[in-house]
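Asks:
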Amino acid sequence: MLALQAEGASITTAEGLREHRIGSVLQDAFKACHGLQCGYCTPGMLAAAVGLLQANPNPTEDDVRQALRGNLCRCTGYEHILDAVQLAAANLPEEASA
Amino acid sequence: MKPETAYSGELAEPEGWVGKALPRREDDRLLEGAGRYVDDISLSGQLYAAFVRSPHAHATLRNVDCSQASRAAGASLCLTAEDFKELHEVAPNWVLPRSTPRGRPILAKGKVRYVGEPVALVVASSPALARDAADLVEIDYDPLPAVLHQDDARDVGAPLVHDDMESNLAATFAPGNGGFEEAATGAPFRTQFSLRNQRLVPFSIEGRAVNADYDPVTDRMTLYIGHQIPHMARRMVASTIGFPEHRLRVISPDVGGGFGPKMHVYQEEAVCALASIRLGRPVKWTERRSENVCNTTHGRDHAMHVDVAADLDGQLLAMRVESRANIGAYMSSMGSGIPTVNVGLFVMGVYDIPNVEVDIRCFYTNTPPVDAYRGAGRPEASYLIERTIDRVALELGIDQAEMRRRNFLTENQIPRRQPTGAMIDTGRYHHTLEEALKRSDYEAFRAEQKAARQTGSLIGIGIANYTESCGIGPGQVQKLVGFDRGGYESARVRMTSDGGAVVFSGSHSHGQGHKTTYAQIAADELGISPDRIDVIQGDTESVPQGVGTFNSRSVAVGGSAVKVAAGRVADRIHRLAAHLLQAKPEKLERDGDVFKAPASNTSVTFAEVCHAAWTGHNVPPDLGVGLEETEFYHPTSMSAPYGAHIAQVEIDRETGELALTRYVAVDDCGKVINPLLARGQVHGGLAQGIGQALWEDGMPQADGSTVLDTPLPRFDMLPRFETSHTVTESWTNPLGAKGLGEAGAIGAPPAIVNAAIDALWHLGVRELEMPLTPASVLDAIEHADAGGEP
Ligand code: FES
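Those protein sequence lines, which keep their order, are chains A and B. FYI, the numbering for the first sequence is 1 to 98, going by the numbering used here. FYI, the numbering for the second sequence is 99 to 888, going by the numbering used here.
1. At a threshold of 6 Å, does THR76(A) count as lining ligand 2 (C-beta to nearest heavy atom)?
2. So that I know if they touch, is there some Cβ in chain B lying closer than 7 Å to that of ALA32(A)?
3. When you compare the CB positions of GLN326(B) and GLY305(B), do they come within less than 7 Å of one another, or not?
4. Quick one: which residues of the stretch 347-361 of chain B get their C-beta closer than 9 Å to a C-beta of chain A? List them in chain order.
5. Answer with yes or no whether the minimum CB distance from GLU19(A) to chain B is below 7 Å.
6. Under 7 Å between C-beta atoms, does ALA745(B) make it to chain A?
7. Indicate whether the contact test is met: 3 or more Cβ pairs, each with one atom in the stretch 515-524 of chain B and one in the stretch 467-476 of chain B, closer than 8 Å.
8. Given ARG673(B), which residues of its chain have a CB within under 7 Å of its CB, disregarding the five upstream and five downstream residues?
9. When the Cα atoms are used, what is the spatial distance from ALA14(A) to LEU46(A)?
10. Roughly how many whole angstroms lie between the Cα atoms of VAL391(B) and TYR616(B)?
11. Does ligand 1 have a heavy atom nearer than 6 Å to the CB of LEU36(A)?
12. Work out the CA separation of ALA218(B) and LEU177(B) for me, nearest whole Å.
13. Is there at least one Cβ from chain B nearer than 7 Å to LEU2(A)'s Cβ?
14. Mind pulling the chain B residues with CB within less than 8 Å of GLN37(A)?
15. What would DSSP say about TYR449(B), mapped onto helix, strand or coil?
16. Per DSSP, HIS403(B) forms a beta bridge with which residues?
17. Can you grab the Cα-Cα spacing for the pair ASN139(B) / ALA228(B), in whole Å?
18. Give a yes or no on contact between the stretch 586-605 of chain B and the stretch 712-726 of chain B, applying the rule of three or more CB pairs nearer than 8 Å.
19. With burial defined as no fewer than 16 other Cβ atoms inside 10 Å of the residue's Cβ, what is the status of ASN58(A): buried or exposed?
20. How would you list, in chain order, the residues of chain D whose beta-carbon sits under 9 Å from the beta-carbon of ILE303(B)?
21. For GLY885(B), would you say it is in contact with chain A, using Cβ-to-Cβ distances shorter than 7 Å as the test?
22. I need the straight-line Cα distance from GLY837(B) to HIS823(B), nearest angstrom please.
23. Could you tell me which chain A residues have their CB closer than 7 Å to the CB of ALA589(B), listed as they occur along the chain?
24. Could you tell me the alpha carbon to alpha carbon distance between VAL780(B) and GLU79(A), rounded to whole angstroms?
25. Quick test of your reading: GLN365(B) and PRO216(B), contact by CB under 8 Å. State the CB separation rounded to the nearest angstrom.
26. Among the candidates ASP28(A), GLN66(A), CYS73(A) and LEU2(A), whose CA atom is the shortest distance from the CA of ARG18(A)?
27. Kindly indicate the opening and closing residues of the alpha helix (DSSP H) around ARG229(B).
28. According to the neighbour-count rule (16 or more other Cβ atoms, all chains shown, within 10 Å of its Cβ), is ALA589(B) buried or exposed?
29. Using the three-state DSSP reduction, which class does VAL762(B) fall into: helix, strand or coil?
30. Give me the Cα-Cα distance between PRO628(B) and ALA663(B), rounded to the nearest whole angstrom.
31. Using a Cβ-Cβ cutoff of 7 Å, what residues of the stretch 781-814 of chain B are near chain A? List them in chain order.
32. Output, in chain order, the set of chain B residues within a Cβ distance shorter than 9 Å of GLN27(A).
33. Taking the C-alpha atoms as reference points, what is the distance between GLY741(B) and LEU377(B)?
34. Flag GLY355(B) as yes when its Cβ comes closer than 6 Å to any non-hydrogen atom of ligand 1, and as no otherwise.
35. Which residue or residues does DSSP assign as beta-bridge partners of LYS209(B)?
36. Using 7 Å as the limit for Cβ to Cβ distance, is ALA96(A) near chain B?
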């Protein structure tokens, strides 16, 4: 989305994800799965993944691929990011993802 | 010497820290948005640069007028080539003996030679004002005929990119042992074909950036550059602008991907440094994406031809390779070496071919300069030989796996120097191939393919037994080929008085994870946990010297330096502990963090020994005060990692669309330091290799402009990868490591194109060109049908 479209909304960036239930589970999963190399694409990947898991707590591999396809990564080949998002989904407490 | 360890399949649980799949310690910061890349660094008094670039591929520069721009709102400086007494030039660092180097002028003078070449610089108080002011620079051009392709550039009468040369020929290289004609004439089988290794745009997600901070009070300069080789950046900027190296500091903070282009110095770094000197204030430039694709170096771009002779069993007898490389408008840093030495030496791959001749010619064209991109020459070489193996096999009706078995170098031929000059330290090619065949269910696939042919569906399988020579060195060899830099790497290991360690590494991560892997290596030597070890890199002021991160050399060479330095420190700690306990070193026992002298029943802790070394209160003269060691590790030979990659594809006969259905990679990089990170390296390389095979094409448009309108690999475009290792340790370094960073990018293109041709051969398709777009595949199918071949 464009910044203008966020008018009036509250914004969480990567700096605030530790405080975010889904975000912090994702951060741990990205680290466990080596879901980042240079780290440049990582804040965007995390944000897109938070959005996905909020809407869909049990995504299939294809769901993850589709939800994150707008974010380019030139380092990882995406597979470890895929693993990370699925691990985070598995680790999320039921109520957190509701 | 023979490899000492030979292991295949899943990696065994290691005893020490080396070999463990530790998650990375660099991740926390990056995950919390606290990564610090060059553009994140703003200094007091910060100014911003924008460049005016040529819209023409080739034109005479009539007049550059800065008068409007210098007066624009917020503008403080406008520079053109006329503002410098001498013509500063970014000179190439690798100048092949038979070559005609033409470096990049830091701002174009007299002529522009490619779209995107910087002509003027504007500095202003914000990035937006700098761009606005840049629009006011007025430039008169007289367009000239341009030449974009190497095969046009070599024509007699072609427009000359450099008027002072007689032709566009920039370099030639012809390795091999000769004897092709004698061996090929009258050979039972002979074939020849052409192939293209297309130009690619490396495209790190973070572009290049520089923040040049000259301090007029101290007459010192600090340059923040996201770079693969900070020490090389220092040397290149210093020599380009004539600033002394000892007063120039380069800091490379977090680097958002490199893949080759970030190991050079370009015009922008030099011009920003000169602007900062003139203004006495920091000047920052952050590349825009459109600038990245037209001024940051491209990769590959070879037009190749191979002529090969074999006997009827498929045994190769002789091969002749011709390649014409497009190196762009100027000779970039390694621009004469990558397409020649890095290709020519490796065209024989992992095979035994008695007679080989190679003839490589490099041409200047009106395109952005071409230089190293992940694999850097070896993808071109591997593509050529792996496609050749398949071509001969298919023409002779020999299974492609069997064709490889018949031509592999055998274990008792290795170590070996190939007739082209490539050094092979280890190789169990049969073993690695069989492992990959098993994992990809090769035989079952062949049966399935037979059945599929009955129903008309098109599936194919392709093999690539790539090799990537790594860890360039020793320096003497580099000298022979005109490569003016070292083959060593430095590491300094310094203990702190509380028993911790700091590793200073000359090699610098741009995503690889040196902070984790180097700590693992040092931890095993020192006998402490990696948590007590920090790794410092990317600052010329704290790191002794660095040759840097490229050529998959960081673990094999840089890691070996860490191992050797840490080993020497550990030895000193041991001897000092013995001295403190008044025991003989060999009688001393170590139990975790405690040294014990059983005879006197006394003990001292690891931290106490480190403390004692730094106080110097009780240190014997032969050990000396302090506790640090520096190693410049200089390998005696390169190593040659290799692997067997197998791709399976399915092609839609109606649309030409290709689906990559499976990808099996078995890599042999010797000792694996961290399997998790190793897998990440393979994945990243594969994505780029698959991108080359299927989608990417960086060739400029007809007007010379580089517009990236072919897709880059996205999340939903890649299959899951099936990766594993065979482990054949190298004897060329104390770690037994070889290298892995470029494996995927080298293996994937030939594996995939071989698979596609395997799927279509029975229709009469003989050749396909990368990228395998649906249109090109469909075209090949249709023309094959029309030609009525078998
Ligand atoms: S980790 Fe480097 S771009 Fe994704």
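Just so it is clear, CB atoms sit at the ideal spot from N, CA and C, and this is done for glycine as well. The model shown is predicted, which means the values in this text are computed figures rather than measured ones.
Replies: Checking against the coordinates, here is how it stands:
1. Ligands present in the displayed structure are limited to ligand 1, and ligand 2 is not among them.
2. yes
3. no
4. ASP352, VAL353, GLY354, GLY355, GLY356 and PHE357
5. no
6. no
7. no
8. PRO683 and LEU721
9. 7 Å
10. 33 Å
11. yes
12. 6 Å
13. no
14. GLY355, GLY609, GLN610, GLY611, GLY778 and GLY782
15. strand
16. SER292(B) and GLU420(B)
17. It is worth fixing the name first, because residue 139(B) is Ile in this sequence and not Asn. For ILE139(B) and ALA228(B), the distance between alpha carbons rounds to 18 Å.
18. yes
19. exposed
20. The displayed structure is made up of protein chains A and B, and chain D is not among them.
21. Only weak support exists for where GLY885(B) lies, its pLDDT of 48 falling under 50; the value from the coordinates is given anyway. It does not: the Cβ of GLY885(B) has no partner Cβ on chain A nearer than 7 Å.
22. 12 Å
23. Under the 7 Å cutoff, chain A gives no residues; its nearest Cβ is about 22 Å from ALA589(B).
24. 11 Å
25. 5 Å
26. ASP28(A)
27. 225-232
28. buried
29. strand
30. 16 Å
31. HIS781, GLY782, LEU784, ALA785, LEU810, ARG812, PHE813 and ASP814
32. ASP125, ASP126, LEU129 and GLU130
33. 53 Å
34. yes
35. THR158(B)
36. Because ALA96(A) carries a pLDDT of 46, less than 50, the predicted location of this residue cannot be relied on, and no value is offered for it.
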